[in-house]
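Read through the structure below, which is laid out as structure tokens, and then see the notes.
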Amino acid sequence: MRAERGAAILAVPVLLAGLVMAAAQPNGGGKAPPPPGALACGGCHPPGAGAEVPPISGMPAAQLAAAMRAFRSGERPATVMDRIAKGFSEDEIDALAAWFAQEAPR
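Basically the working numbering = 1-based index in the sequence shown + 239.
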């Protein structure tokens, strides 16, 4: 019982600190926060030209959504993106595409 109470007492300041840190993070000038999965995309799709994997920041939403759906269905050949795209629902694909479209191309 005492250990549980101690853990709960410790959890409160940790959670509060996390909330304060999250609130202090810049939001890109009022842009929507990234949807789930978006931050992982940058590992393979870095900004700038010349990368083996094309950048997706600033790509028109319809183009990115169509590519994701084509990867997911197997219509577009891929080494990895077909498996990644299968993990996203229609709504998630639309959210990712909209978010990357509003990002400035880098």
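Virtual Cβ for every residue (Gly too), placed ideally from N, Cα, C.
- A Cβ-Cβ contact shorter than 8 Å links Glu-331 with Pro-274.
- DSSP places Met-298 in the coil class of the three-state scheme, outside both helix and strand.
- Scanning its chain for C-beta atoms nearer than 8 Å, with the 5 sequence neighbours on each side dropped, one finds around Leu-303 the residues Ile-295, Leu-335, Ala-336, Phe-339 and Ala-340, in chain order.
- Classified as buried, Arg-311 has 16 or more neighbouring CB atoms from the shown chains inside 10 Å of its CB.
- Taking every protein chain shown into account, the CB of Ala-306 has 16 or more other CB atoms within 10 angstroms, so this residue is buried.
- Only residues of its own chain outside the window of five on either side were considered, and among them Arg-315 have a CB closer than 7 Å to the CB of Ala-309, listed in chain order.
- Take Cys-283, set aside five residues on each side of it, and the residues of its chain with a beta-carbon closer than 7 Å to its own are Val-292, in chain order.
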